[in-house]
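What follows is a short report on a single structure.
The structure is reproduced here in structure tokens:
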């Protein structure tokens, strides 16, 4: 033990916090080009790099019922060749500019993103524009990528986290396109190169799209350059069709994905919830932080630090563009599945019925505002923060007012949000594990439907 | 069109306290945050024999309570200050770190000093964290396709000296055998100020940060004698092969590891460049050959932990290949890539872009680098340069060594080091493998 007795007063108590420094959100240059492309620029000059992301407001949801996985495949092959650059040259150009490229598609959007050395900023932006406008979808590259994707699909089906989230999305969203997170092998095999080109023509358009660039540049010069590179690009965007409503849930149900012999059970439960544009958004964020959204949250304290059931418990608010959903998750040893669910529902119900303490409230408020503010410190995090605001078309003041909005909330707000959005009575419960070991435990919480790892119902 | 390159210079100041604790400070006034890391020079290589996984289990215990901050207090005090925290166990170091709004800097230093001074944990804490760690191993390894591949698979095949060659996550029997006595002994042996470095980054004056470090840390007593284990490896004269069954994933996978030269040697810098020639994304030679040209592999990646290790380490290539090809045949095609580099070398038109990308990746690592924390990478490298090389200023000069590598050095390295007698290969074969691979 420590032999030192020096300055015991200094040592016994944690120092009080100093005065809070104001967080200066960086100045944004926001403009919409004549072709409808919205441009958001932020100077961040500590490191001689830039980070750029071009978003199109169409993703996997828009084709979920016609060609699942088509938006993903389009994003994968879009980097594999343009009218003037074969695949190999694209990769060499990237390396020459110290750049990394990512092309991806989520439920609501598709994106081309690149980061690299600031000294090559013009070339990096030209490459993004080339991919956005002149992708050639070489037949051979398409076949190669589709085969790679097929093998990835097979691996996904051996991953318990994937199986749980896939099942929960199916259950929560029903006929709504958010129900589909991945194609079947047969659906993937049915996708054609022509479909990719059609998706690309229709959805990779400047109208209503968004380009965010953060990094070591002068915004006025950068804007001129972007106008030159992207200004001549013209194409309209068709209005997306309306989606069918997701189902109303009546009572808890258990959805068991059976994987015989598995050494651990993935537990995931959830219910439909709201988007970032909902008036309840801040209240729900705060309630989630206290419940299971931080290391120092009730769920983590309970099932990890007190009971040792799990390494990685947590809860989250998944805000997609049209709807959101709330989830609670933990990977637990097989003999505590029922005990884990009991504690999850206990903690949800406690949030719904007993006001949180003043200490928990201010602690969670500080956590949310503090971590949010750390987002100004790096280029990639700034791009992430900005894309949440501008993609979802939140008010321009979202970043600046976030702290005061969170600070203004009360314990009553938190309880109201929990009552509305932690739907304990109708939560849908997914367990991925060995039915022989966990089936009886899971059945205590509702009628059980069983699935195999392919996603098929077992009858 | 290209804009002139701007040199990067990171401000670095350092001091050594009376008790031997090294303090490294790098002010950054661009945003009101502070990132703090305490790095101890103890990793899983040095855990006691018969206690595999202990260094990592111990890392969990460091969050269970210290002299004046009980269980969950560290986490509560950091989260409620608006910050995040974590810790990781590595080969040669264990680190504990926080990113907080800058007004919480002093509080974080108090917390880290408190747990450097004395750990206050009981049997219940140990039982609890043993359960948590077992679920960590299950979620990351046993119930995950390709879990632990290849960081747990390669060392026992590649190395002969127990510190380098054992199961770093720990056999469950060894985790069960760990006692509270082991915990306190390990703490007193290795968690001393003279076996650590404190890194402080962010929005403050350097002198003020050093003053606060003195205030909270300087009276923590040092350990007179910190044992240094022998982590050297006997010379290797043969190719080493191993097999591991893949219980979940459908694809055969291969890990090929070449043992790297000693830290900061001329060859070590060359290794950093060779790694990027072979593995640098889709323009890298291995991806190009196996995924794009021959289309045998579905995915490959690779790398070498050069900057943050200080003992035997490998450059590792991971290959996931189509089941219709044999793993042995796949290795033969990989070998063609190596032979080509040995026989023909590479031209400046390939080497120069590799260096540009190397520089860019280095900056990116300093700025962000992981764990969702600003400047995590800068903190990590400042700590490693201090603990392993005695010089945090290397953060501003280390690039020169990599960017000075010549084509001749690359070819010579390939001939000398990328040879079967310097490598280990692990085949991760799916349990339910289909017959008929060609």
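Protein chains in written order, with this note's numbering: chain Y, 2 to 460; chain E, 3 to 440. By construction, the Cβ of each residue, glycine as well, lies at the ideal position given by its N, Cα and C atoms.
Excluding the 5 residues preceding and the 5 following residue i in the sequence, name in chain order all residues of the same chain whose CB lies nearer than 7 Å to its CB.
i	result
residue 445(Y)	339
residue 1(Y)	Because chain Y here runs from 2 to 460, residue 1(Y) falls outside it and cannot be looked at.
residue 364(E)	401
By a C-beta neighbour count over all protein chains shown, 10 Å radius and 16 as the cutoff for buried, is residue i buried or exposed?
i	result
residue 125(E)	exposed
residue 286(Y)	buried
residue 168(Y)	buried
residue 322(Y)	buried
residue 2(E)	A query on residue 2(E) cannot be resolved here, the shown segment of chain E reaching from 3 to 440 and no further.
residue 51(Y)	buried
residue 227(Y)	buried
residue 226(E)	exposed
residue 341(Y)	buried
residue 267(E)	exposed
residue 239(E)	exposed
residue 16(E)	buried
residue 147(Y)	buried
residue 355(Y)	exposed
In three-state terms, what does DSSP make of residue i?
i	result
residue 199(Y)	helix
residue 158(Y)	coil
residue 83(Y)	strand
residue 29(Y)	strand
residue 143(Y)	helix
residue 431(E)	strand
residue 49(E)	coil
residue 371(Y)	helix
residue 395(E)	helix
residue 301(E)	strand
residue 112(Y)	strand
residue 373(E)	coil
residue 353(Y)	helix
residue 364(E)	helix
residue 238(Y)	coil
residue 352(E)	helix
residue 343(Y)	helix
residue 229(E)	coil
residue 13(Y)	helix
residue 86(E)	strand
residue 103(E)	strand
residue 387(E)	helix
Chain Y partners of residue i, CB-CB under 7 Å?
i	result
residue 81(E)	295, 296, 297, 364, 368
residue 173(E)	Per Cβ cutoff of 7 Å: no residues; residue 173(E) is ~15 Å from chain Y at best.
residue 1(E)	What is shown of chain E runs 3 to 440, which leaves residue 1(E) out entirely.
residue 297(E)	145
residue 370(E)	379, 381
residue 284(E)	92
residue 33(E)	377, 378
Show which residues of chain E have a CB atom less than 7 Å away from the CB atom of residue i.
i	result
residue 408(Y)	Those within 7 Å of residue 408(Y) in chain E number zero; the least Cβ separation is about 11 Å.
residue 155(Y)	252
residue 263(Y)	145
Which residues of chain Y have a Cβ atom closer than 9 Å to the Cβ of residue i, listed in chain order?
i	result
residue 112(E)	11, 12, 14, 15, 16
residue 194(E)	Here the premise fails: no neighbours, minimum Cβ distance about 11 Å.
By Cβ distance, which residues of its chain are closer than 8 Å to residue i, with the 5 residues on each side in sequence left out?
i	result
residue 307(E)	93, 315
residue 380(Y)	45, 48, 50, 51, 52, 116, 215, 216
residue 84(E)	102, 103, 106
Could you pull out every residue in the same chain whose Cβ sits closer than 6 Å to the Cβ of residue i, ignoring the five residues on either side in sequence?
i	result
residue 249(E)	433
residue 421(E)	none
residue 6(Y)	Residue confidence is low: residue 6(Y) scores 40 on pLDDT, short of 50, so the model does not pin down where it sits. Its coordinate-derived value is still stated next. Nothing meets the Cβ criterion.
Which chain Y residues are close to residue i, counting only those with a beta carbon under 8 Å from its beta carbon?
i	result
residue 30(E)	47
Could you work out which residues of chain E lie near residue i, taking near to mean beta carbons separated by less than 8 Å?
i	result
residue 411(Y)	The contacting residues do not exist; residue 411(Y) stays about 17 Å from chain E at best.
residue 149(Y)	293, 300, 301
residue 442(Y)	Those within 8 Å of residue 442(Y) in chain E number zero; the least Cβ separation is about 17 Å.
Consider the C-beta atom of residue i and the heavy atoms of the ligand ATP; say whether any pair is separated by less than 6 Å.
i	result
residue 130(E)	No copy of the ligand ATP occurs in the structure displayed, which carries no ligand at all.
Next on the checklist: So within the stretch 116 to 162 of chain E, which uninterrupted alpha helix (DSSP H) runs reach at least 4 residues, ignoring any that extend past its ends?
Outcome noted: Qualifying alpha helix (DSSP H) stretches, in chain order: 125 to 139, 156 to 160.
Checklist entry - Can you give, in chain order, each stretch of the beta strand (DSSP E) that sits fully within the stretch 261 to 308 of chain Y and has at least 3 residues? => result 266 to 274
Checklist entry - Hey, which unbroken runs of the beta strand (DSSP E) at 3 residues or more fall wholly within the stretch 309 to 341 of chain E? => result 316 to 323
Checklist entry - Taking the runs of the alpha helix (DSSP H) that are 4 residues or longer, which of them lie wholly in the stretch 356 to 425 of chain Y? => result 359 to 374, 380 to 392, 399 to 408, 412 to 422
Checklist entry - Fully enclosed by the stretch 202 to 233 of chain Y, which alpha helix (DSSP H) runs are 4 residues long or longer? => result 220 to 231
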